[in-house]
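Heads up, the thing below is written out as structure tokens.
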Amino acid sequence: MAAETLIKAARKLSKAVDRLQFSEPVTHVYNPLAYARRSHEAYLSMIGDDVSVVFLGMNPGPWGMAQTGVPFGEIAAVRDWMQIDEPIGRPDNEHEKRPVEGLQCARSEVSGRRLWGLFQEKFETPEAFFAKHFVLNYCPLVFMEASARNRTPDKLPAAEKTPLDSVCDEHLRTVLKAIKPEHAVGVGAYAEACLRRVVKDIDEPPQVSRILHPSPASPAANRDWAGTATKQLCEAGLW
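Numbering (the UniProt record's numbering), first residue to last: 1 to 239.
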């Protein structure tokens with residue numbers, strides 16, 4: 001039942017964000033919920049019946065979910081570990097420096113490699129991980145400037161960020177109510193803030209905590225990120 005609710009909610013979110021408008025310096029917007037829908041829904045279908053921990057990221061990376069439709073979707077983790085192999089289309093307004101090549105993409109997203117690498121090491125099989133855990137993204141869109149530079153949602157002007165937050169909050173609220181996790185973990189400070197805002201409107205809210213974001217742009221993440229994240233999850237009483 002949770003998978004059906006998540007798929008329905010993702011389709012609604014995809015249509016809602018497609019109606020939004022974004023201006024320069026953003027010149028290209030990718031929506032993997034649309035062009036990688038089959039892959040994304042295959043991922044959502046992997047959720048277990050008794051998930052107690054949800055991890056939340058900010059938005060897709062150009063070499064991760066933008067390619068695979070899976071949150072933090074590093075190619076090898078999606079193809080080889082999760083065994084997801086669905087046709088992936090291309091965005092309408094594709095930047096020549098950020099082509100969507102799907103599972104044939106030769107680039108590897110470091111954040112996704114670190115996150116899913118930790119889960120593979122601890123749980124070994126996807127069935128063991130997904131029985132109690134799930135990973136989501138707050139915003140489904142990828143934003144790029146003319147140079148192909150990535151632009152994160154927190155850098156959008158208020159006039160664009162407010163309506164985006166509204167539909168993403170509604171989606172996250174729907175998903176958390178469907179899954180009913182005991183814990184919700186923000187992967188980074190931005191995702192944690194989104195969780196804390198949304199759980200205020202949930203009758204039986206999950207306990208919110210945070211782990212260090214695995215981005216290589218963070219000096220702290222480049223010093224044993226897996227060890228740091230594991231320690232944070234242990235301290236929060238999750239592992």
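Beta carbons: idealized from backbone N, C-alpha and C, even for Gly.
Measure from the alpha carbon of residue i to the alpha carbon of each residue in the options, then state which is nearest.
i	options	result
residue 33	130, 89, 98 and 132	89
residue 237	24, 99, 209 and 97	209
residue 243	38, 8 and 113	No information on residue 243 is available, as it lies outside the stretch 1 to 239 that the chain covers here.
residue 99	162, 148 and 160	148
residue 137	188, 91 and 205	188
Taking residue i as part of the beta strand (DSSP E), name the residues at either end of that continuous run.
i	result
residue 57	53 to 57
residue 209	207 to 211
So, with DSSP's three-state summary, where would you put residue i?
i	result
residue 136	strand
residue 29	strand
residue 72	coil
residue 150	strand
residue 82	coil
residue 23	coil
residue 88	coil
residue 166	helix
residue 113	helix
residue 61	coil
residue 222	helix
residue 97	coil
residue 102	helix
residue 118	helix
Could you spell out the range, first to last residue, of the alpha helix (DSSP H) harbouring residue i?
i	result
residue 42	37 to 44
residue 143	Careful: residue 143 lies outside any alpha helix (DSSP H), inside the beta strand (DSSP E) at 142 to 145.
residue 130	126 to 130
residue 4	2 to 18
residue 227	225 to 235
* To do: Identify every run of the beta strand (DSSP E) within the region 169 to 218, keeping only runs that are complete inside it and at least 3 residues long; order them along the chain.
  => 183 to 187 and 207 to 211
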